[in-house]
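Per UniProt numbering, the sequence shown starts with residue 1, numbered consecutively.
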Amino acid sequence: MDLIFGKNKKEQLEPVRAKVTGRIPAWLQGTLLRNGPGMHTVGETRYNHWFDGLALLHSFSIRDGEVHYRSKYLRSDTYNANIEANRIVVSEFGTMAYPDPCKNIFSKAFSYLSHTIPDFTDNCLINIMKCGDDFYATTETNYIRKIDPRTLETLQKVDYRKYVAINLATAHPHYDGAGNVLNMGTSIVDKGKTKYVIFKIPATVPVGILQPGLIVTVYVKVSPFPSVVYYHSFGITENYVVFLEQPFRLDILKMATAYMRGVSWASCMAFHREDKTYIHIIDQRTGKPVPTKFHTDALVVFHHVNAYEEGNCVLFDVIAYEDDSLYQLFYLANLNQDFEENCRLTSVPTLRRFAVPLHVDKNAEVGSNLIKVASTTATALKEKDDQVYCQPELLYEGLELPRINYAHNGKQYRYVFAAEVQWSPIPTKILKYDILTKSTLKWAEEGCWPAEPLFVPAPGAKDEDDGIILSAIVSTDPQKLPFLLILDAKNFTELARASVAVEMHLDLHGLFIPDTDWGAKSQAPAEAPQDEASDGHAVPRA
Ligand SMILES: CC1=C(/C=C/C(C)=C/C=C/C(C)=C/C=O)C(C)(C)CCC1
Ligand SMILES: [Fe+2]
Numbered sequence: 001m002d003l004i005f006g007k008n009k010k011e012q013l014e015p016v017r018a019k020v021t022g023r024i025p026a027w028l029q030g031t032l033l034r035n036g037p038g039m040h041t042v043g044e045t046r047y048n049h050w051f052d053g054l055a056l057l058h059s060f061s062i063r064d065g066e067v068h069y070r071s072k073y074l075r076s077d078t079y080n081a082n083i084e085a086n087r088i089v090v091s092e093f094g095t096m097a098y099p100d101p102c103k104n105i106f107s108k109a110f111s112y113l114s115h116t117i118p119d120f121t122d123n124c125l126i127n128i129m130k131c132g133d134d135f136y137a138t139t140e141t142n143y144i145r146k147i148d149p150r151t152l153e154t155l156q157k158v159d160y161r162k163y164v165a166i167n168l169a170t171a172h173p174h175y176d177g178a179g180n181v182l183n184m185g186t187s188i189v190d191k192g193k194t195k196y197v198i199f200k201i202p203a204t205v206p207v208g209i210l211q212p213g214l215i216v217t218v219y220v221k222v223s224p225f226p227s228v229v230y231y232h233s234f235g236i237t238e239n240y241v242v243f244l245e246q247p248f249r250l251d252i253l254k255m256a257t258a259y260m261r262g263v264s265w266a267s268c269m270a271f272h273r274e275d276k277t278y279i280h281i282i283d284q285r286t287g288k289p290v291p292t293k294f295h296t297d298a299l300v301v302f303h304h305v306n307a308y309e310e311g312n313c314v315l316f317d318v319i320a321y322e323d324d325s326l327y328q329l330f331y332l333a334n335l336n337q338d339f340e341e342n343c344r345l346t347s348v349p350t351l352r353r354f355a356v357p358l359h360v361d362k363n364a365e366v367g368s369n370l371i372k373v374a375s376t377t378a379t380a381l382k383e384k385d386d387q388v389y390c391q392p393e394l395l396y397e398g399l400e401l402p403r404i405n406y407a408h409n410g411k412q413y414r415y416v417f418a419a420e421v422q423w424s425p426i427p428t429k430i431l432k433y434d435i436l437t438k439s440t441l442k443w444a445e446e447g448c449w450p451a452e453p454l455f456v457p458a459p460g461a462k463d464e465d466d467g468i469i470l471s472a473i474v475s476t477d478p479q480k481l482p483f484l485l486i487l488d489a490k491n492f493t494e495l496a497r498a499s500v501a502v503e504m505h506l507d508l509h510g511l512f513i514p515d516t517d518w519g520a521k522s523q524a525p526a527e528a529p530q531d532e533a534s535d536g537h538a539v540p541r542a
């Protein structure tokens, strides 16, 4: 397992041509760009957690039935400082690092006191964000790194704090129809208060870099210090934002002393199973929340799947856990040979649908179900003190890394594409879940670990599932090369696979850039391949 998780991956700087079998649809022209941790050891030092690894970008360029692969480490300030020192000198989620190991406790304390809130890492390893014509690697701190999606070169470092008062921001922004970015962030101590901020980055950002003043704050929710909710994503409907105040919290007082105590940020996070989860529904135009206090049981959600409005309700779907075991399992010490034993989730990720009434009749009877929508069995029960208790509908058990046809984001939809996971967090299958018929289609192959399945719509698509699924597959079998899998999203049959003789890493998230999307200013990139497929086999043209 260390081969897949802990081993440092080599970059593939020159595009390498993949060996394609099957037929790639002629319309599929563009670049699949993805991000994830690729290096966990620097010199003699090793990160503790898989989410700490240095960001390794990789891309599959698909053009005229051919596929070219390349990968490059994000040259973040963190990467450069580590490589120069030949050891880990910047703290990450699960690893606290000390730039100068000779410093005693007093100088450590001084170093802390001179940074009331630490300058977090710019190791943007989680996702890729599109802003106008620009692309950024993202993580959950205040930094994003602009990248060149063609060459995977690292460009400017952008500090969100220059534009909006936040210390943390999600790596899962949303986009509206005009391409404006909607994201959420947290200001951890602003005049003694914690603020959750919804902000917008207009798509008209000038080519180059974010400009001050271009980020517009939409909503700020304030909660008393020191409670800081940890959240990894949020949901949007046409008019609302769905924000889950889950009892999975960062303890700011612990964080303030973590550096001195020599413990990681991750150790300052805790799940409080005795608490409730509060559901906030915020009007995007006014920034005002629906005033009723909606709550549900304690849960942990990393990924929102989709949300939409129906019959005076907001319906929203999430992948929910009953504890925080997911983050515990990704400590590299667990991801070793005894992986099967060490790596059992104590709670299986489940797809759950919540229904929240937008208007609550003050006279409704206590105990009555306020949901009149026929499409779900989720309930919202009126309580004595005008609170509403939401009980979700369980749709499917054992899935993570959900994706949808993004044209249906915020709207009614039918299909969830995801990786199937059971008691271990490692995906072994790709799955299509039909919410209407509650049926599934699956793809699996011996020893194959699929990445998040990404849906790309076919041109002129009519049905929600008219298109293909892209997933990068790594294998536990050393004889089997990693490959890009292309499935027909309708019936889940394999259309093609593109194998590459490289060390591919298990990644997290990414996006597909159709060639038609490259800014008018530039052409789709031409590849100058180092020809891997020149072994005489014909590369089929669709
Ligand atoms: C560095 C750092 C953080 C990083 C968190 C990361 C990197 C989380 C990654 C989560 C993933 C990959 C989840 C997948 O489902 C915090 C805790 C926000 C705050 C303190 C500083
Ligand atoms: Fe994520």
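Glycine included, each C-beta is placed from N, C-alpha and C at the ideal position.
Using the DSSP secondary-structure output, state which residues sit across from residue i in a beta bridge.
| i | result |
| --- | --- |
| Lys195 | Ser187 and Val222 |
| Val500 | None, per the DSSP bridge assignment. |
| Tyr391 | Checking the displayed sequence, the identity of residue 391 turns out to be Gln instead of Tyr. Bridge partners of Gln391: Thr379. |
| Arg17 | His68 |
| Lys276 | Lys276 pairs with nothing; no bridge assigned. |
| Pro289 | Ile282 |
| Cys131 | Asp134 |
| Lys429 | Glu420 and Ala444 |
For residue i, which residues in the same chain have their Cβ closer than 7 Å to its Cβ, ignoring the five residues on either side in sequence?
| i | result |
| --- | --- |
| Leu253 | Pro226 |
| Ser347 | Tyr321, Glu322, Asp323 and Ser325 |
| Ala407 | Pro457 |
| Asp488 | Ile468 and Leu495 |
| Val314 | Thr237, Tyr240, Val242, Ile281, Ala307, Val356 and Leu358 |
Would you mind working out which of the options sits nearest residue i, comparing C-alpha positions?
| i | options | result |
| --- | --- | --- |
| Ala171 | Leu441, Phe51, Lys19 and Val474 | Phe51 |
| Cys124 | Pro118, Lys130 and Lys146 | Lys146 |
| Asp283 | Tyr331, Cys268 and Ile198 | Ile198 |
| Thr139 | Tyr98, Pro202, Leu484 and Leu57 | Leu57 |
| Asn183 | Phe248, Thr194 and His232 | His232 |
| Pro349 | Tyr143, Val305 and Lys293 | Val305 |
| Val421 | Ile404, Lys276 and Ile319 | Ile319 |
| Cys268 | Ala256, Asp275, Ser59 and Lys276 | Ala256 |
| Lys442 | Arg249, Glu464, Pro425 and Ile469 | Ile469 |
| Tyr175 | Gly132, Thr516 and Thr194 | Gly132 |
| Tyr327 | Leu315, Asp317 and Leu345 | Leu345 |
| Gly177 | Asp465, Lys382, Ile426 and Gly410 | Gly410 |
| Ile144 | Leu152, Thr151 and Asp122 | Asp122 |
| Phe135 | Asn127, Glu44 and Thr377 | Asn127 |
| Thr376 | Leu244, Asp386 and Cys390 | Cys390 |
| Ala415 | Phe455, Ala270 and Thr151 | This sequence places Tyr at residue 415; Ala is not what is there. Here the closest residue by C-alpha is Phe455. |
Please list, in chain order, all residues of the same chain as residue i whose beta carbon is under 6 Å from its beta carbon, the five residues on each side excluded.
| i | result |
| --- | --- |
| Thr440 | Leu431 and Tyr433 |
| Ser91 | Ala97 |
| Lys10 | Glu503 |
| Val42 | Asn82, Arg87 and Ile88 |
| Gly235 | Val242, His304, Ala307 and Phe316 |
Using 10 angstroms around the beta-carbon of residue i, count the other beta-carbons present and answer buried if the total reaches 16, otherwise exposed.
| i | result |
| --- | --- |
| Gly368 | First, the amino acid is wrong: residue 368 is Ser here, not Gly. Its Cβ having fewer than 16 others within 10 Å, Ser368 is exposed. |
| His26 | Position check: residue 26 holds Ala in this sequence, whereas His was assumed. Under this definition Ala26 is an exposed residue. |
| His359 | exposed |
| Asn491 | exposed |
| Asp64 | exposed |
| His509 | buried |
| Thr95 | buried |
| Trp423 | exposed |
| Lys384 | exposed |
| His40 | buried |
| Val228 | buried |
| Asn312 | exposed |
| Pro459 | exposed |
| Thr516 | exposed |
| Val222 | exposed |
| Pro478 | exposed |
| Asn363 | exposed |
| Asp465 | buried |
| Arg285 | exposed |
If you drop the 5 nearest sequence neighbours on each side, which residues of the same chain put their C-beta closer than 8 Å to that of residue i?
| i | result |
| --- | --- |
| Glu532 | With a pLDDT of only 42 at Glu532, under the threshold of 50, the placement of this residue in the model should not be trusted, and no figure is reported. |
| Lys462 | none |
| Ala520 | The pLDDT assigned to Ala520 is 47, lower than 50, so where the model puts this residue is not dependable, and the model offers no usable value. |
| Gln412 | Tyr308 and Glu310 |
May I ask whether a heavy atom of ligand 3 can be found less than 7 Å away from the beta carbon of residue i?
| i | result |
| --- | --- |
| Thr141 | No copy of ligand 3 occurs in the structure displayed; its ligands are ligand 1 and ligand 2 alone. |
How about the region 157 to 165 and the region 389 to 403: do they share at least three Cβ pairs that are nearer than 8 Å?
-> no
Could you tell me whether the region 142 to 161 touches the region 71 to 87, where touching means 3 or more Cβ pairs closer than 8 Å?
-> yes
How do the region 448 to 462 and the region 381 to 396 stand: do at least 3 beta-carbon pairs fall below 8 Å, yes or no?
-> Between the region 448 to 462 and the region 381 to 396 there are fewer than three inter-stretch CB-CB distances shorter than 8 Å, so the stretches are not counted as touching.
Decide if the region 361 to 377 is in contact with the region 81 to 88; the criterion is three or more beta carbon pairs, one per stretch, under 8 Å apart.
-> no
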